[in-house]
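Here the structure is laid out as C-alpha cells; the discussion comes afterwards.
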Amino acid sequence: QVGDLRAPWGGYLVFPRWATGGLGVVGHVQSPILCRGRTRSGVEERVGELSLVEVKHLLETAIERRREEGFDW
C-alpha cells in the first residue's frame, strides 16, 4: 500500500534472480510503481494487462539501473 488515500494500492513487478543451480533466489530487481488504484484487485488487473514485451523492457531497465548503482547482476 502507498500513502495516497484516494489510490492506496500501488502495482510493481519484482524479478527474482535465481541461483545458478536453481536452488534459491540470490537477489532481485524491481520496477518502479507502474500504477496506483483504489483496490488491490484493480491494480493487479492493470499490471496483469502488461504485454510480455513491456515486462521484458521493464526487466532490462531494472537490471541496467542496478548495474549503474554498482551492483553486479
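Be aware that the sequence shown starts at 81, since it is given in this note's numbering, and climbs by one per residue.
From the three backbone atoms N, C-alpha and C, an ideal C-beta is built for every residue, glycine too.
Note that the coordinates shown come from a computational prediction; the quantities given were computed from them, not determined experimentally.
N-terminal and C-terminal residue of the beta strand (DSSP E) that residue i is part of
i: R97; result: V94 to W98
i: G91; result: W89 to G91
i: G117; result: C115 to G117
i: G107; result: V105 to Q110
CB of residue i within 8 Å of CB of residue j, strictly
i: R146; j: V109; result: yes
i: R116; j: G83; result: no
i: S111; j: A87; result: no
Near the ligand SAH: residue i beta-carbon under 7 Å from a heavy atom
i: V109; result: No copy of the ligand SAH occurs in the structure displayed, which carries no ligand at all.
Bounding residues of the alpha helix (DSSP H) (the contiguous stretch that carries residue i)
i: G83; result: Unbroken run through G83: none, as it is neither H nor E.
i: R120; result: R120 to G128
i: E140; result: L132 to E148
Environment of residue i [buried if 16+ CB atoms lie within 10 Å]
i: L138; result: buried
Quiz item: Taking contact to mean at least 3 C-beta pairs separated by less than 8 Å, is the segment 115 to 132 in contact with the segment 94 to 105?
Solution: no
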